[in-house]
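*Asks:*
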Ligand SMILES: [Zn+2]
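Residue numbers (this note's numbering): 18 to 448.
(1) Residue 429 by DSSP, collapsed to three states: which one?
(2) Considering only their Cβ atoms, is the gap separating residue 223 from residue 252 smaller than 8 Å?
(3) Just confirm the distance between the C-beta atoms of residue 398 and residue 427, as a whole number of angstroms; I'd bet it's less than 8 Å.
(4) Assuming residue 381 contacts residue 390 under a Cβ cut-off of 8 Å, what Cβ separation, rounded to an integer in Å, is found between them?
(5) Count the other CB atoms within 10 Å of the CB of residue 309; is the residue buried (16 or more) or exposed (fewer)?
(6) Apart from the five residues on each side of it in sequence, which residues of its chain come closer than 7 Å, Cβ to Cβ, to residue 417?
(7) Where do the ends of the alpha helix (DSSP H) carrying residue 278 lie?
(8) What's the call for residue 33, buried or exposed, on a 16-neighbour Cβ count within 10 Å?
(9) Quick check: the segment 93-103 against the segment 71-82, are there 3 or more CB pairs under 8 Å?
(10) Residue ranges of each alpha helix (DSSP H) run of no fewer than 4 residues wholly in the segment 88-127, ordered along the chain?
(11) Exposed or buried, which one is residue 300 when buried takes at least 16 other CB atoms within 10 Å?
(12) How long is the line joining the alpha carbons of residue 259 and residue 139, rounded to whole angstroms?
(13) To which residues of the same chain is residue 229 closer than 8 Å at the C-beta, ignoring the five residues directly before and after it?
(14) State the DSSP-derived secondary structure class of residue 144, mapped to helix, strand or coil.
(15) Suppose contacts are defined by Cβ-Cβ distances below 8 Å. Is residue 88 in contact with residue 293 by that definition?
(16) Cβ of residue 131 versus every heavy atom of ligand 1: is any distance shorter than 7 Å?
(17) For a test of your reading of the model: does the CB of residue 93 fall under 7 Å from any non-hydrogen atom of ligand 1? Yes or no.
(18) Give me whichever residues DSSP pairs with residue 23 in a beta bridge.
(19) Below 8 Å CB to CB, which residues in the same chain sit around residue 25 once its five sequence neighbours on both sides are set aside?
(20) Rounded to the nearest angstrom, what separates residue 336 and residue 325 at their Cα positions?
(21) Tell whether a beta-carbon distance below 8 Å holds between residue 134 and residue 187.
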């Protein structure tokens, strides 16, 4: 939604999402939903902006809104008291809508949603775009396309009467076992207005469940329909074959070898490791009720993944910031989106500014707005956040929302005083 208000953000420090250094804010001028100018005004412009609403950011830090390239909205509905059918399409949509408010209030103005139930996320994206709900910009997939043995294959957990060969309809995955089934599902989801297709290889990457031929077919069909393709690929073969098939970005890549990473570098696509959710389980898992065995498993996997991503970065592969928030109820929305940046700095060796770029200008591609948002520059969409603490000096600031002073999305200042949702008790994960 656009307002035609003029807003001038003056004072403080500007982190523009592209430059390698922060600098004194030369003035950020927003007209409607666009940043019309960054820099000092000419005498003529001063007249134009004389009646603008002024936000004084003195002593504060102005930067582009965060983008989370791996955030699930309707994947896990939690066990709430009184809810009898949490996986219904209707309940999933309401749940996802509630999550959207929390995410925006945490300074996240864009999210990429790689998989959810029904077309709940499509409905929420449309409700936000249409002005029914407040939330971040959303770029959404439908159910994950998963062969037998893929992470979203739930056929074993369901009787054929309920799920049939393709898994239960209320699951986050739809089973595709032939090229025809993959292509038909891409066409079907395209018909229901998704922005991208999510493919799912095996849970931990120990086996490769999806072939290069299937991936090529998905990419060809999706790209013909202007859809992006992303894949859950923890394995060596799935990483390499995804790169060769030309997917748009790859999640995780834990077991990628040098040769696999060379294929990704040659393909030119970024990797979204999504360290945050396993990291939370490892570090805060005891309080969150994660069994010790699960925490150990995740810790080992994380170490493998860190090494692969360090090597990917050495090859110049872009590493983007996604958290996998909403994958389980324990990874709740609006809490962890900035944490991936802290992990990038501590474990991967990025500078704080490099980490910030991975969640702003570089991440804009994962919401379909490359070059249009994620940076504070002339002509960009006005998605801006302001902190009262320096995120370069302490990158953890970016998930400490008590330091978040202002959120602007699409030129509109978000009213964060009315929450629009009730805090929920977080339920421990099942082993
Ligand atoms: Zn995920």
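Heads up, the beta-carbon is just placed ideally off N, CA and C, and yes, glycines get one too.
*Replies:* Let me spell this out:
(1) strand
(2) yes
(3) 6 Å
(4) 5 Å
(5) exposed
(6) none
(7) 275-284
(8) buried
(9) no
(10) 106-122
(11) exposed
(12) 25 Å
(13) 258, 261, 262
(14) helix
(15) no
(16) yes
(17) no
(18) 48
(19) 44, 45, 46, 47, 66, 69, 70, 71, 72
(20) 11 Å
(21) yes
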